[in-house]
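A short worksheet on the structure shown next.
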Amino acid sequence: MQHYHYVFTGSGLSALMTVYEIIMSANFQDKSILLIDENSKKSNDRTWCFWDKSNIFNEIISKKWKTTFFTNDIFIKELEIQPFQYKMIRGLDFYNFIFEKISKHTNITFLNEKVLSFEDLGNQCVIKTNQQEFTANIVFNSIFNPKIVISQNKYPLLQQHFIGWYIKSKEPVFNSNCATFMDFSVAQKGNTRFMYVLPTSKTEALLEYTLFSKDLLPKEEYEEELVKYIQKLGITEYEIVEKEQGSIPMTCYKFWEHNTKNSINIGSAGGWTKASTGFTFKNVTKKSKALVTFLQNENDLTKFHKKDKFWIYDLLFIDVLFKNNALGSKVFSSLFKKGNPVLIFRFLDEETSFLEDLKIIWKCPKIPFINALLNRIL
Ligand SMILES: Cc1cc2nc3c(=O)[nH]c(=O)nc-3n(C[C@H](O)[C@H](O)[C@H](O)COP(=O)(O)OP(=O)(O)OC[C@H]3O[C@@H](n4cnc5c(N)ncnc54)[C@H](O)[C@@H]3O)c2cc1C
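For the sequence shown, the numbering used here gives the first residue as 3, with consecutive numbering after it.
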């Protein structure tokens, strides 16, 4: 049985980002690393958007917006987000970028196989794929198992689920300098439903019909809403260039309780998805960096996770939306109508002080959040 220092079960965003940090730190050249994924990571399976003020991954940013809009059926608000910019990275560009770096390191190997299981035996971990077995000092797992969340009800599970169409229109209807962060003018139908509009030129944009809710919709319903929205934009002729879809877990479930001394859950499987928004990319950049620093000083992976005040805010938000799913538009509208968007982004990045948190929280509808807090306390 072949032995590695580190085995990554699943090699998507969080695994590749952690390996990137490992490469950048240059302190792991003596470590043998195996990345396993059932997918060869050679297709553009997703597009990441995130707000950022650094130069991270500048080489592969496919589009940046200095201005964003928040819209509902009553108002349109232009959000002044500087020093942030809203940025887009195509999944395939990211995978190629990291694999190109990996190709220069002979201690890192990629294996295109399906992982069946892994187990921490105390002194080492055993990993089984559909074809072979390995042992490792440490397993980094990013294979998300929804069953562990669904099988409990202490921490409700919402999903950010969507279908996105990258379209090319005949008419020049888009303002390529402006992304629509959230457009709640779509019919809410008792849920939290909105559209992302991410234009890359006057005639090209990625449109994503998105819900924060418990249950997925039939595929046709997302597509009907996309068609309606495209008509509303005044587009008469268009071509769908690319499609993507996703269902991102939004939950405060304590994924990290499944970590052991020698194995750690990372990415969405480790609770690295921001529960209240489904945004993951930015969190992964931060957590992977922190994890690689941690690895250099510690050897018990159960000590990596630290719970903080933002976990509690997210918990209440998910409780509120789980109980009354139609409230999302009202909550986000209250925040963005008068709130400072830079402060809101910093709050969502979990970088605000308690006083700043209060400024944000104060803008939200009070009764549902107080009820959610009382329910948790009692
Ligand atoms: C279409 C889409 C768009 C998104 N857009 C955004 C966005 O704009 N901004 C944002 O912040 N977040 C976004 N997300 C959410 C989040 O950033 C991504 O889901 C991100 O890829 C999560 O990283 P991860 O490492 O947890 O999981 P993944 O990147 O999904 O990696 C998990 C890997 O495990 C592999 N795998 C699964 N099962 C097995 C198995 N049994 N054996 C071997 N390999 C296995 C998969 O093939 C995959 O490569 C999006 C998600 C999707 C799906």
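Cβ atoms here follow ideal geometry from the backbone N, Cα and C, with glycine treated the same way.
Keep in mind the model is a prediction, meaning the values are calculated, not measured.
Determine the DSSP secondary structure at residue i, reduced to helix, strand or coil.
i, result
"Phe-30", "coil"
"Val-117", "strand"
"Phe-52", "strand"
"Tyr-97", "helix"
"Met-19", "helix"
"His-260", "helix"
"Asp-185", "strand"
"Phe-283", "helix"
"Ser-270", "helix"
"Trp-167", "strand"
"Gln-134", "coil"
"Leu-218", "coil"
"Tyr-157", "coil"
"Ser-203", "strand"
"Leu-228", "helix"
"Thr-295", "helix"
"Lys-305", "helix"
"Leu-357", "helix"
"Ile-58", "coil"
"Gln-233", "helix"
Going by C-alpha to C-alpha distance, which of the options sits closest to residue i?
i, options, result
"Lys-216", "Asn-98, Val-322, Thr-49", "Val-322"
"Asp-310", "Lys-291, Asp-351, Gly-330, Glu-115", "Asp-351"
"Lys-172", "Gln-154, Thr-205, Ala-189, Phe-146", "Thr-205"
"Gln-87", "Glu-223, Pro-343, Ala-17, Leu-360", "Pro-343"
"Gln-126", "Asn-267, Asp-316, Tyr-6, Ile-363", "Tyr-6"
"Tyr-315", "Asn-301, Ser-278, Glu-358", "Ser-278"
"Val-141", "Val-21, Ala-328, Glu-353", "Val-21"
"Val-243", "Cys-180, Lys-289, Trp-167, Ser-290", "Trp-167"
"Ser-64", "Phe-99, Lys-44, Ile-232, Lys-276", "Phe-99"
"Lys-365", "Leu-376, Leu-380, Leu-345, Asn-143", "Leu-345"
"Lys-130", "Gly-12, Lys-325, Asn-299, Asn-301", "Gly-12"
"Glu-121", "Leu-94, Lys-332, Thr-262, Ser-290", "Thr-262"
"Pro-158", "Gln-247, Ile-110, Ile-232, Phe-324", "Phe-324"
"Ser-45", "Leu-94, Met-19, Phe-10, His-107", "Leu-94"
"Thr-194", "Pro-201, Leu-213, Val-188", "Leu-213"
"Thr-202", "Pro-174, Lys-221, Ala-271, Gly-192", "Pro-174"
"Asn-2", "Cys-254, Pro-148, Asn-29", "A query on residue 2 cannot be resolved here, the shown segment of the chain reaching from 3 to 380 and no further."
"Asn-132", "Asn-139, Lys-116, Asn-301, Phe-146", "Lys-116"
"Gln-247", "Ile-266, Tyr-231, Ile-369, Glu-222", "Glu-222"
"Phe-349", "Phe-312, Ile-145, Lys-368, Phe-319", "Phe-312"
"Phe-136", "Lys-305, Met-3, Lys-308", "Met-3"
"His-107", "Asp-32, Phe-77, Ile-372, Lys-89", "Asp-32"
Is it right to say residue i is buried, meaning 16 or more other beta carbons lie within 10 angstroms of its own, or is it exposed?
i, result
"Leu-123", "exposed"
"Gly-236", "exposed"
"Arg-92", "buried"
"Thr-295", "exposed"
"Gly-341", "buried"
"Phe-356", "exposed"
"Lys-245", "exposed"
"Leu-360", "exposed"
"Leu-200", "buried"
"Met-252", "buried"
"Glu-210", "buried"
"Leu-376", "exposed"
"Leu-81", "buried"
"Gln-190", "buried"
Looking at the unbroken beta strand (DSSP E) that takes in residue i, where does it start and where does it end?
i, result
"Asn-267", "265 to 267"
"Glu-80", "78 to 82"
"Pro-251", "240 to 252"
"Trp-67", "63 to 67"
"Tyr-6", "4 to 11"
"Ile-38", "35 to 38"
"Tyr-88", "87 to 92"
For residue i, decide whether its Cβ has a neighbour in chain B, counting only Cβ atoms nearer than 8 Å.
i, result
"Ile-63", "Going by chain labels, chain B is absent from the structure shown, which holds only one protein chain."
So residue i packs on residue j, CB below 8 Å; how close in whole Å?
i, j, result
"Phe-334", "Phe-101", "Contact flag wrong, Cβ pair sits at about 37 Å."
"Ile-250", "Gln-162", "4 Å"
"Thr-73", "Ile-83", "In fact, because the Cβ distance is near 15 Å, the residues do not count as touching under 8 Å."
"Ile-165", "Glu-226", "With a Cβ gap of about 10 Å, Ile-165 and Glu-226 do not count as contacting."
"Leu-303", "Asn-327", "Actually they are not in contact, since the Cβ atoms of Leu-303 and Asn-327 sit about 36 Å apart, beyond 8 Å."
"Leu-380", "Ile-362", "That pair is no contact at about 25 Å."
"Leu-317", "Arg-378", "7 Å"
"Gly-280", "Leu-15", "Incorrect: roughly 13 Å between the Cβ atoms, too far for contact."
"Ala-181", "Trp-67", "4 Å"
With a threshold of 7 Å, establish whether the CB of residue i neighbours any heavy atom of ligand 3.
i, result
"Ser-16", "In terms of ligand content, the structure shown lacks ligand 3 and carries ligand 1 instead."
Taking residue i as part of the alpha helix (DSSP H), name the residues at either end of that continuous run.
i, result
"Gly-330", "330 to 340"
"Pro-343", "343 to 350"
"Pro-370", "368 to 379"
"Phe-319", "311 to 325"
"Val-151", "149 to 152"
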